[in-house]
Structures are given as C-alpha cells and as structure tokens.
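Below you'll find the structure, written out as structure tokens, and then a few comments.
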Amino acid sequence: MTWYVASIVSTIELLEEVQTEFPVFEDFYLFEAMSEPELKEKISKKILLIEAAGNCSLDGKPARQRCTGVRKTRSIYNSIEDDIDQSPPADGAELTHSFFIAKSLDDAVLFSQGKRVTLDCVDDCDE
C-alpha cells in the first residue's frame, strides 16, 4: 500500500448574512491506499465527515464549515532507515494545517484548486 497526504481546504460561511471575508483553512491528512480510486474514496469520506460536524459560529454569528476542495495530494514514503512495516504512519492523521483569509468565496475555491490567488496568511500565534 502507498501512503498519501491530502490537502483539504475549507472555509466558514455565515448562514444568515453576506460575508466580506472568508477564513480559509488548509489541513493535511494522511491516507493509506492501494489505488487512486481508493484514495479518492477515502478523501471523499473525510470531506463528508468534516462537513457533517454541524453548525458553528463566526464572530458570534451562525455559520457552517464548508470544504472547498482538495488542493493537492502527494505520495509519502518512510525514510530508508525505517522499516515501513514496523512503523507505518497512522491512517487519517492530520499532519499540519494553515490558516488564511480570502476576500471572497471564489478566491477560497480557486486556492483549493491550486490556482494563484492573494490570501492573507494568519499565524496561529497572532491571536
């Protein structure tokens, strides 16, 4: 089996108001798959799970998390020193994340497609 990391991009949409900014999250998930179709199925299930988490809030207003797409997938290999069968990565584990601000939902979608857009990157420690 091959290990992959998938970059899943999501945003928070207000349910009752027009937005002028969209927070954009890029999360990286680890998957083990024998084929591209199996990988795509696993990624689709992860997206459904993220979106099914329920409503949330943005600045105290009702909102929902929406996955805008998969920006990229990459194969992952353990280092040559590691025995792949003895210490495999954990399936579905999040590896890292990034947080950006997009000026529109269209920009959030374009970013998830790997297109060039201008985003504001926000460091987690800048709260």
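The numbering used here applies: residue 7 is where the sequence shown begins, and numbers increase by one. The C-beta atom is built at its ideal place from N, Cα and C for all residues, glycine as well.
query                                                                                                                                                       : result
Can you tell which of Glu44, Gln25, Phe31, Trp9 has its C-alpha closest to the C-alpha of Leu125?                                                           : Phe31
What is the C-beta distance between Ile49 and Phe37, in whole angstroms, given that I count them as a contact (C-beta under 8 Å)?                           : 7 Å
Would you identify the three-state DSSP class for Ala108, choosing helix, strand or coil?                                                                   : strand
With a Cβ-Cβ cutoff of 7 Å, do Val11 and Ile56 count as a contact?                                                                                          : no
Using a Cβ-Cβ cutoff of less than 7 Å, which residues in the same chain neighbour Gly75 once the five nearest sequence positions on both sides are dropped? : Val15, Val115, Ser118, Gln119
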